[in-house]
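Participant:
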Amino acid sequence: MATEIERKFLVRETAFLNGREGDRIIQGYVAKEPGAMCTRVRLRADRAYLTLKGPREGISRDEFEYAIPVADAQRILAQYCGNRIIHKTRYVVDYADQAFEVDVFEGRHVGLVIAEIELPREDTPVVLPPWAGREVTHDRRFGNYVLAQCEGRARPPRMNELTAPSTVLAALPGFAAPH
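Below is the structure:
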């Protein structure tokens with residue numbers, strides 16, 4: 001059994017990505033019940049994966065990931081994920097001997113950029129790069145499963161709108177803006 005331990009941060013500016021190559025990712029989610037494992041299918045370049053994730057406990061959760069044929073992933077995305085699909089480009093950025101995965105979202109989430117760092121232990125110290133902004137690890141609005149469920153009109157906040165969270169965050173379905 002594998003455990004995923006990660007922290008997430010909004011990205012303030014993206015100039016540090018200029019000239020870097022990233023991987024295009026299309027990932028979709030099969031419907032789930034509250035409290036059940038999340039089932040994700042992902043196409044990344046010429047590879048495909050099926051991932052099962054358990055509910056979070058702090059910043060940790062069980063994660064099981066399996067390589068699957070690309071044709072299987074394409075079929076699952078087309079037939080079983082409905083509109084619960086996100087598109088993004090992922091960049092791996094090293095900073096202070098740490099590897100951050102920076103996701104630049106596309107489509108209905110254009111303008112959203114999130115950096116994640118996977119950790120060996122929950123108490124592992126993290127040195128934040130200057131482009132890292134507010135931590136959103138515990139804000140479920142920024143989880144990929146929730147983002148995949150956003151309707152076409154609703155969207156998460158864009159980088160340049162994060163200075164007014166009380167109005168912008170209210171655009172996410174099912175969530176009240178912070179007071």
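Numbering (the working numbering), first residue to last: 1 to 179.
Note that CB positions come from ideal geometry on N, CA and C, so glycine has one too.
In this text the structure is predicted, and so the values were computed from the model without any measurement.
(1) Does the region 30-41 touch the region 123-132, meaning 3 or more C-beta pairs lie closer than 8 Å?
(2) Compare the C-beta of Thr-89 with all C-beta atoms of chain C and state if any pair is closer than 8 Å.
(3) List the residues that DSSP assigns as beta-bridge partners of Ile-85.
(4) Give me the residue from His-87, Ala-71, Lys-53 with the minimum Cα distance to Gly-22.
(5) Distance check for Arg-141 and His-179, CA to CA, integer angstroms please.
(6) Determine, using beta-carbon pairs with one atom in the region 110-123 and one in the region 33-52, whether at least three such pairs fall under 8 Å.
(7) To the nearest angstrom, how far is it from the Cα of Met-37 to the Cα of Ala-73?
Facilitator: On the basis of the data shown:
(1) no
(2) This model lacks chain C altogether; it includes just one protein chain.
(3) Gly-28
(4) His-87
(5) In this predicted model, His-179 has a pLDDT of only 32, less than 50, meaning its place in the structure is not dependable enough to derive any value.
(6) no
(7) 18 Å
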